[in-house]
């Protein structure tokens with residue numbers, strides 16, 4: 022880590038097809054860094070410590086040392102690693118009944134993901 026801020030514990034993001042969706046990983050990263058009182062500069066300075074594989078290679082070649090602001094880094098990573106519709110099979114498997122959601126709404130949501138699979 023390049024700053025004296027408290028390290029966070031989070032699995033590294035690789036960008037592999039079997040990795041968690043980037044938006045969910047990023048949300049966890051943001052929650053953990055907020056709890057550790059990291060500034061945007063801290064996040065920028067330490068972000069690469071939490072990447073590996075394709076995500077790390079892409080970061081080094083496209084973003085590292087370009088003077089990118091945190092919001093721009095997030096936008097670039099999202100554009101590169103998040104898809105408009107994440108893997109439909111993964112979405113189907115992980116679709117769960119949400120608090121306040123009726124069974125009909127849950128069923129309809131499952132049907133949408135099922136239709137994308139076929």
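Residue numbers (the numbering used here): 22 to 139. Where is the CB? At the ideal position from N, CA and C, for every residue including glycine. Just so you know, these numbers come straight off a predicted model, no measurement behind them.
- In this structure residue 36 is buried. Its beta-carbon is surrounded by 16 or more other beta-carbon atoms within 10 angstroms.
- A direct Cα-Cα distance of roughly 16 Å separates residue 137 from residue 127.
- Counting other Cβ atoms within 10 Å of its Cβ, residue 125 stays below 16 and is therefore classed as exposed.
- DSSP places residue 65 within a helical segment (H, G or I) once states are collapsed to three.
- Nearest in C-alpha terms to residue 92, of all of 56, 131, 60, 26, is 60.
- Taking a C-beta distance under 8 Å as the contact criterion, residue 113 and residue 76 do not qualify as a contact pair.
- Restricted to the stretch 49-132, the alpha helix (DSSP H) segments that are unbroken, complete and at least 4 residues in length are 61-67, 74-83, 91-102, 109-115, listed in chain order.
- Residue 64 sits buried, since 16 or more C-beta atoms from the chains shown fall within 10 Å of its C-beta.
- Here residue 43 is buried: its Cβ has 16 or more other Cβ atoms, across all protein chains shown, within 10 Å.
- For the pair residue 134 and residue 119, the Cα-to-Cα distance works out to about 16 Å.
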